[in-house]
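In the order they appear, the protein sequences are chains A and B.
Numbering (the numbering used here) for the first sequence: 224 to 331.
Numbering (the numbering used here) for the second sequence: 4 to 288.
Yeah, the Cβ is synthetic: ideal placement off N, Cα and C, and Gly gets one too.
Bear in mind that the values here come from a model prediction, so they are computed numbers and not experimental data.
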Amino acid sequence: MIIEIEDNDLANGLLGLVVAIVEIVKDTLQLQALRRMEAGSLTALEIDRLGEALMKLDSSIERLKLDLGVAASVQSVRDGLDRAIGQAVDTMFAPLDEDELGRMIPRC
Amino acid sequence: MLDGQHDSRPAPTLAPSAAVDHDGHPSGRYVYCIAPGSEPAPLEEAGIDGAVVYPVAWRDLHALVHDGPAEPYQVADPALTAERILRHHQIVTSAWQRLGAILPMRFNTVIVEDEVRGVLAAWLEENYSSLRAKQAALAGKAEYGVQVFWETAVILRETFAANPEIRQLEADLASLPRGTAYLRRQQVELIAKREVDARALRDCQGLTDRLRRCVDLLRVEKPRQAGEGQQQLLNLACLVSRERETDLMQELAQIDHQAGYAVRLVGPMPPYSFCSGMTGRELPG
């Protein structure tokens, strides 16, 4: 799996990778919160506190991306992960056929 | 001369051409296409990298080839690769326009020749019947690439307007505490995404069914990246006989006129997507 880090600057690239991971964890927490909210397992107060916390986290991540100048790098990491997952799914559910296995004809 | 008819002429024997290079390494034949005709007129166009393109004939078929290394072209240089692909396509298209029902090979189809017995010649002999059958199936037909796009903003607007749950959630947002409103907004986006995904599935199926009625064969390709504000819904390779081209164009025009939809059409071109690899496998359908 190749994750392309857009910027040649290694420090910037690493920062982008770290922030991308933080963003993905935030998205996962958010999804979990939404599922619990839809399932009715949270009180009104819990929903509001969770929402406030996630909103602040979201805002902090956006500010961090802006301050560090890694917005493009983060997007590049996430696009790369999406592509890698897409390829993995394609491979699992649509294996290569003979046409795609290469163009060389073996000797008779 | 078609299959089943007696051919009184002796089958031509083909000596391998340039079976080894100057260093004694096996050489290759780059194959552009298989075309009808046993004595084709010489091709005046140069092939990839200026190579001499010549026919290798077997009965009433011939392969258009050039001599080269016994390996595919390297594709590390995008500009050079694009130039070679274009040249390949130009040779194939020229043959298609001159000779009719050809079986185009994809870029980088190379045969490693044998110094004792021609591999290409042997392959043409072994697969002669299926190649003739494929040619007959493709005669009078062209390939069209059809891509259908969504204008994302239009589709989202329609989705929001059509879903009462989303409308209610949006209406309630203003009266909710800040944290709750944030989560509700995320919920609205999630519901909208689910609705849009479901609509995409329905649209893909519906459009494919409509287009299937206008074409001879249809092949679903992977969606590719769209421009800003667009999402590619469908990427199809269509095999269309001349008599049905008007039907296809009319159907595509109707789709293109629908609000939020855009159609991109490429073709007519040789039927690359409807020729299987050099294994003698029959065409589907």
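So, under 8 Å CB-CB, residue i and residue j are touching, yes? Tell me the CB distance rounded to an integer number of Å.
{"i": "leucine 236 of chain B", "j": "tryptophan 153 of chain B", "result": "5 Å"}
{"i": "proline 2 of chain B", "j": "threonine 84 of chain B", "result": "Coverage of chain B is limited to positions 4 through 288, which leaves residue 2 of chain B absent and any answer about it impossible."}
{"i": "leucine 193 of chain B", "j": "leucine 233 of chain A", "result": "Leucine 193 of chain B to leucine 233 of chain A, Cβ: 36 Å. No contact."}
{"i": "tyrosine 275 of chain B", "j": "glutamate 86 of chain B", "result": "Rounded, the Cβ-Cβ distance is 18 Å, inconsistent with contact."}
{"i": "cysteine 36 of chain B", "j": "isoleucine 105 of chain B", "result": "5 Å"}
{"i": "threonine 155 of chain B", "j": "glutamine 233 of chain B", "result": "6 Å"}
{"i": "isoleucine 308 of chain A", "j": "glutamate 246 of chain A", "result": "Actually they are not in contact, since the Cβ atoms of isoleucine 308 of chain A and glutamate 246 of chain A sit about 16 Å apart, beyond 8 Å."}
{"i": "arginine 187 of chain B", "j": "leucine 176 of chain B", "result": "6 Å"}
Given a cut-off of 7 Å on the beta-carbon distance, is the pair residue i and residue j in contact?
{"i": "threonine 162 of chain B", "j": "valine 199 of chain B", "result": "yes"}
{"i": "valine 151 of chain B", "j": "leucine 210 of chain B", "result": "yes"}
{"i": "valine 191 of chain B", "j": "valine 218 of chain B", "result": "no"}
{"i": "valine 297 of chain A", "j": "valine 242 of chain A", "result": "yes"}
{"i": "glutamate 129 of chain B", "j": "tryptophan 61 of chain B", "result": "no"}
{"i": "valine 34 of chain B", "j": "valine 68 of chain B", "result": "yes"}
{"i": "valine 157 of chain B", "j": "glycine 263 of chain B", "result": "yes"}
{"i": "methionine 278 of chain A", "j": "tyrosine 185 of chain B", "result": "yes"}
{"i": "glycine 121 of chain B", "j": "proline 72 of chain B", "result": "no"}
{"i": "lysine 249 of chain A", "j": "leucine 289 of chain A", "result": "no"}
Alpha carbon to alpha carbon, what distance is there between residue j and residue i?
{"i": "threonine 266 of chain A", "j": "arginine 272 of chain A", "result": "10 Å"}
{"i": "glutamine 253 of chain B", "j": "alanine 265 of chain B", "result": "14 Å"}
{"i": "leucine 46 of chain B", "j": "valine 56 of chain B", "result": "7 Å"}
{"i": "alanine 66 of chain B", "j": "leucine 291 of chain A", "result": "59 Å"}
{"i": "glutamine 310 of chain A", "j": "lysine 225 of chain B", "result": "11 Å"}
{"i": "glutamate 261 of chain A", "j": "leucine 255 of chain B", "result": "41 Å"}
{"i": "alanine 21 of chain B", "j": "valine 115 of chain B", "result": "Reliability of the predicted coordinates at alanine 21 of chain B is poor, the pLDDT of 46 falling under 50, and the value obtained from them is presented with this limitation in mind. C-alpha separation (whole angstroms): 11 Å."}
{"i": "proline 39 of chain B", "j": "histidine 91 of chain B", "result": "18 Å"}
{"i": "leucine 221 of chain B", "j": "glycine 270 of chain B", "result": "14 Å"}
{"i": "leucine 237 of chain A", "j": "leucine 304 of chain A", "result": "15 Å"}
{"i": "valine 223 of chain B", "j": "arginine 215 of chain B", "result": "11 Å"}
{"i": "asparagine 235 of chain A", "j": "valine 300 of chain A", "result": "12 Å"}
{"i": "glutamine 93 of chain B", "j": "phenylalanine 277 of chain B", "result": "18 Å"}
{"i": "alanine 240 of chain B", "j": "glutamate 269 of chain A", "result": "52 Å"}
{"i": "leucine 287 of chain A", "j": "lysine 144 of chain B", "result": "57 Å"}
{"i": "valine 149 of chain B", "j": "arginine 205 of chain B", "result": "18 Å"}
{"i": "serine 282 of chain A", "j": "aspartate 259 of chain B", "result": "40 Å"}
{"i": "arginine 245 of chain B", "j": "asparagine 166 of chain B", "result": "43 Å"}
{"i": "leucine 123 of chain B", "j": "proline 81 of chain B", "result": "29 Å"}
{"i": "arginine 181 of chain B", "j": "alanine 229 of chain B", "result": "36 Å"}
{"i": "arginine 135 of chain B", "j": "glutamine 189 of chain B", "result": "59 Å"}
{"i": "alanine 164 of chain B", "j": "alanine 201 of chain B", "result": "16 Å"}
{"i": "arginine 247 of chain B", "j": "alanine 195 of chain B", "result": "38 Å"}
{"i": "alanine 313 of chain A", "j": "glycine 239 of chain A", "result": "Residue identity differs from the one stated: residue 313 of chain A is aspartate in this sequence, not alanine. For aspartate 313 of chain A and glycine 239 of chain A, the distance between alpha carbons rounds to 27 Å."}
{"i": "leucine 102 of chain B", "j": "glutamate 48 of chain B", "result": "15 Å"}
{"i": "aspartate 212 of chain B", "j": "proline 107 of chain B", "result": "27 Å"}
{"i": "valine 59 of chain B", "j": "methionine 315 of chain A", "result": "40 Å"}
Exercise. If you pair each beta-carbon of the stretch 126-140 of chain B with each one of the stretch 162-182 of chain B, do three or more pairs fall below 8 Å?
Worked result: no
Exercise. If you scan the stretch 170-232 of chain B from start to end, which runs of the alpha helix (DSSP H) of 4 or more residues do you find wholly inside it?
Worked result: 181-215
Problem set entry | Those runs of the alpha helix (DSSP H) which lie wholly inside the stretch 92-144 of chain B and span at least 4 residues | 122-129, 131-141
For this session: Mind listing, in chain order, the continuous alpha helix (DSSP H) runs of no fewer than 4 residues lying wholly within the stretch 285-321 of chain A?
Result: 294-316
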